[in-house]
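Peer 1:
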Amino acid sequence: MGKYTRKTERQSWDENSMRQAVEEVLEGRLGYLKASKDSGKLNREDSAKKGLGRHKPVFSPAQEKELVDSAKKGLGRHKPVFSPAQEKELVEYILCMESRLFGLTLDALRSLAFELAQRNGMP
């Protein structure tokens, strides 16, 4: 078989350098274009401002959690609903039910996920 060559430059940036660039822009030390060029976030200079702007949150720099979330990678428009701990809880319950030979349908799984979201106060 031949060697695979990547055909796109999407998601080629590092999460830590993106977080650092977002911090610098929020603190006013650098502008969008300068921050994206200095830290090498994006390969094309013409889309640097737009790309970094997509990851810049609209909040005060004191909110650390949103800053971390804004620098995460991800393709597509869908965002995860549950935290990793909540997903683990749901998986453990499903595996427990499976070990007891109680098969769950897709509708039952959806209902469980909905109940978990309601119990945790998610919209």
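Residue numbers (UniProt numbering): 1 to 123. By construction, the Cβ of each residue, glycine as well, lies at the ideal position given by its N, Cα and C atoms. Keep in mind it's a predicted model, so treat the numbers as computed, not measured.
Do alanine 35 and glutamate 27 have their beta-carbon atoms positioned less than 8 Å apart in this structure?
Peer 2: Not a contact, by the Cβ cut-off of 8 Å.
Peer 1: Under three-state DSSP, which class holds tyrosine 93?
Peer 2: If DSSP states are grouped into helix, strand and coil, tyrosine 93 belongs with the helices.
Peer 1: Round the Cβ separation of alanine 117 and valine 91 to the nearest angstrom and send it over; I've been treating them as touching at under 8 Å.
Peer 2: Not quite, the Cβ-Cβ distance comes to about 15 Å (not below 8 Å), so this is no contact.
Peer 1: Would you mind reading off the limits of the alpha helix (DSSP H) that contains valine 22?
Peer 2: Residues 15-26.
Peer 1: If you reduce the DSSP assignment to three classes, tell me which class serine 47 lands in.
Peer 2: Residue placement at serine 47 is flagged as unreliable, the pLDDT there being 42, under the threshold of 50; a coordinate-derived value is accordingly withheld.
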